[in-house]
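In full-length UniProt numbering, the protein residues as written are 1 to 430.
Written out as structure tokens, the structure is:
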């Protein structure tokens with residue numbers, strides 16, 4: 001029987017864990033924070049029969065650090081498929097488990113979800129995955145990065161999805177080509193897309209990323225800049241997928257232990273802002289509008305790495321149709337510092353160089369010496385508001401960087417919610 005002491009040395013990192021009985025897996029799971037998840041198993045064992053049985057039977061825990069939730073999801077599915085632990089299957093029949101099937105025998109292989117009881121003995125599948133939501137979300141992201149066809153039969157005209165980049169090259173269009181060399185070239189591209197998806201589902205993420213970087217460099221050397229740009233955008237999508245939080249309950253990423261992300265963030269910024277001693281209060285700002293109307297601003301607050309929702313504030317930009325987003329940002333910051341709220345140790349602005357320059361000028365005019373950074377997108381990068389603006393693109397597994405991105409996303413969510421509320425009130429008829 002496992003005890004709390006056996007979990008004390010488990011790190012607070014993303015990974016996959018295995019409850020073992022005589023070296024055989026009885027339960028396999030994944031977690032964003034291994035230590036917290038394993039401790040929750042112990043706590044749940046007091047009132048949940050299944051959890052109690054797992055804890056009582058297991059005599060050992062093994063874990064694998066993965067660095068991201070996607071890697072955990074893929075490794076967990078692979079291990080469950082390999083070992084078939086009884087407590088992963090108990091309480092759910094085969095019909096409830098979702099897998100991804102690839103039609104390898106087709107001229108143009110397709111990828112789609114399949115229930116466990118629909119799998120034949122000779123079929124190769126990937127999974128099982130925790131829920132339908134996660135499975136469909138995974139397919140949606142994979143298809144944006146490596147397009148593939150979902151039509152059962154070849155038709156005469158290119159499909160709708162080919163027009164929005166989700167089926168490219170489209171088998172319908174390929175089959176109409178009379179030039180055998182061009183047709184063969186496009187067929188190889190389609191197969192390569194499917195093979196890259198297979199590599200990702202098998203967990204060979206780094207291999208795929210390295211191959212994409214090589215292809216981009218080759219295209220640049222050949223001065224095929226448009227193709228290189230298209231491939232770069234797909235690479236950014238893949239990096240977003242790697243860093244994405246997959247949750248079957250719809251929750252977003254939450255840092256259950258803020259110390260490491262906060263220390264990592266301080267380490268990321270200290271060379272540019274030596275005055276940073278602590279980051280107990282972080283404020284993030286976002287401007288939202290719809291076609292220049294109903295312009296709103298938002299301020300969210302994180303205290304010691306956690307959202308302090310009681311300190312969130314909304315700003316309705318004062319009527320002026322000629323105002324730009326930068327003008328609105330300036331107004332929000334000026335109005336914020338007219339209030340006697342606690343001073344932040346860091347300000348985060350959604351945007352790049354123009355937004356950071358605007359924020360710096362406001363702070364200078366107000367005689368405020370507060371570190372300020374921007375978070376720009378596509379790809380995500382940090383713009384440091386030092387004397388000369390510096391752009392950083394930390395590694396995707398950098399916890400400080402991920403904390404910044406989480407704060408930015410929370411700021412978006414809060415701003416969007418208020419903006420939609422105002423739009424609803426404007427157009428509602430009572």
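Using N, Cα and C, we set each Cβ at its ideal position, and we do this for glycine too.
Please state whether DSSP places residue i in a helix, a strand or coil.
{"i": "residue 180", "result": "helix"}
{"i": "residue 264", "result": "helix"}
{"i": "residue 356", "result": "helix"}
{"i": "residue 207", "result": "helix"}
{"i": "residue 171", "result": "helix"}
{"i": "residue 334", "result": "helix"}
{"i": "residue 222", "result": "coil"}
{"i": "residue 282", "result": "strand"}
{"i": "residue 33", "result": "coil"}
{"i": "residue 288", "result": "strand"}
{"i": "residue 194", "result": "helix"}
{"i": "residue 303", "result": "strand"}
{"i": "residue 115", "result": "strand"}
{"i": "residue 242", "result": "helix"}
{"i": "residue 252", "result": "Summary for residue 252: the model assigns pLDDT 39, below 50, so the residue's position carries little reliability; its value from the coordinates is reported in the next sentence. Residue 252 falls in the coil class under three-state DSSP."}
{"i": "residue 296", "result": "strand"}
Contact check, residue i vs residue j under 8 Å by CB: the rounded distance?
{"i": "residue 159", "j": "residue 168", "result": "Not really, about 10 Å apart at Cβ, beyond 8 Å."}
{"i": "residue 345", "j": "residue 278", "result": "6 Å"}
{"i": "residue 415", "j": "residue 288", "result": "4 Å"}
With residue i as the anchor, note down where its beta strand (DSSP E) starts and where it stops.
{"i": "residue 59", "result": "Residue 59 -> no beta strand (DSSP E), and no H or E assigned at all."}
{"i": "residue 99", "result": "98–102"}
{"i": "residue 314", "result": "313–316"}
{"i": "residue 21", "result": "15–21"}
Nearest by alpha-carbon distance to residue i: which of the options is it?
{"i": "residue 394", "options": "280, 364, 338, 264", "result": "264"}
{"i": "residue 10", "options": "32, 228, 26", "result": "32"}
{"i": "residue 237", "options": "312, 146, 179", "result": "146"}
{"i": "residue 261", "options": "273, 123, 280, 274", "result": "280"}
{"i": "residue 4", "options": "16, 14, 43", "result": "43"}
{"i": "residue 148", "options": "188, 132, 179, 117", "result": "188"}
{"i": "residue 128", "options": "88, 285, 16, 303", "result": "88"}
{"i": "residue 98", "options": "70, 105, 138", "result": "138"}
{"i": "residue 379", "options": "125, 191, 239, 65", "result": "239"}
{"i": "residue 53", "options": "20, 83, 66", "result": "20"}
Counting along the chain, where does the alpha helix (DSSP H) carrying residue i start and finish?
{"i": "residue 390", "result": "Counting along the chain, residue 390 falls outside any alpha helix (DSSP H), though it belongs to the beta strand (DSSP E) covering 390–392."}
{"i": "residue 350", "result": "No alpha helix (DSSP H) contains residue 350, which is instead part of the beta strand (DSSP E) from 346–350."}
{"i": "residue 79", "result": "69–83"}
Cβ of residue i versus every heavy atom of the ligand SAH: is any distance shorter than 8 Å?
{"i": "residue 394", "result": "Here there are no bound small molecules, and the ligand SAH is not part of this structure."}
Answer yes if the segment 216–227 comes into contact with the segment 34–52, meaning at least three C-beta pairs across the two stretches below 8 Å, and no otherwise. no
Tell me, please, whether the segment 113–121 touches the segment 54–63 by the rule of three or more beta-carbon pairs shorter than 8 Å. no
Answer yes if the segment 140–156 comes into contact with the segment 183–200, meaning at least three C-beta pairs across the two stretches below 8 Å, and no otherwise. yes
Taking one C-beta from the segment 209–217 and one from the segment 358–372 each time, how about it: are there three or more such pairs within less than 8 Å? no
Determine, using beta-carbon pairs with one atom in the segment 363–380 and one in the segment 303–311, whether at least three such pairs fall under 8 Å. no
If we count Cβ pairs, one from each stretch, closer than 8 Å, do we get three or more for the segment 176–192 versus the segment 267–274? no
Between the segment 79–86 and the segment 23–38, can you find at least three pairs of beta-carbon atoms closer than 8 Å? yes
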